[in-house]
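K.L.:
Residue numbers (my numbering): 43 to 200.
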């Protein structure tokens, strides 16, 4: 009976102190050894334990093993979640970087747009001046033609 008490005490104190680490690889060997000791102690025929107590202890042991496996699964899910959060954060950083780049390009396009609008208005002004110069040139040509005709007429008259 004392051997069973020692085994149960060792197992429960390990679980009590290290339940969160009991499923870790570094503690696996210790947990496996304590589990085997507990199972062996429960199987000893000379123990004067009732069948219901043995069954209860076995069920508790199975529940602890189940909880340890669940703990491993939860850790894996936690790590997966942490990786997903890190990836999400990385993607958010990339998105924000792309947004700032887009805003930069958009402001450059707006500057280029305003430059183009300014150039277009300057071109219209220049075109208007060119048209005005053409009209004056045409008027001067017409005046010169008239003067040439008058000069020819005067030369014929002399």
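Cβ coordinates follow ideal geometry from the N, Cα and C atoms, glycine included.
Under the rule that 16 or more other beta-carbon atoms within 10 Å means buried, what is residue 83, buried or exposed?
P.N.:
Result: buried.
K.L.:
Is residue 80 buried or exposed, if buried means 16 or more other CB atoms sit within 10 Å of its CB?
P.N.:
Buried: at least 16 other Cβ atoms inside 10 Å.
K.L.:
Taking only three categories from DSSP, how would you classify residue 159?
P.N.:
Helix.
K.L.:
So, helix, strand or coil for residue 92, using DSSP?
P.N.:
Residue 92: coil per DSSP, three-state reduction.
K.L.:
Use the C-beta contact count for residue 196: other C-beta atoms within 10 angstroms, 16 or more gives buried, fewer gives exposed.
P.N.:
By the 10 Å Cβ count, residue 196 comes out exposed.
K.L.:
Do you know whose CA, among 56, 164, 50, lies nearest residue 98's CA?
P.N.:
If we check each option's Cα against that of residue 98, 50 comes out closest.
K.L.:
From the DSSP output, in three-state form, read off residue 102 for me.
P.N.:
Correct three-state label for residue 102: helix.
K.L.:
Return helix, strand or coil for residue 200, following the three-state DSSP convention.
P.N.:
The answer is coil: DSSP assigns residue 200 none of H, G, I, E or B.
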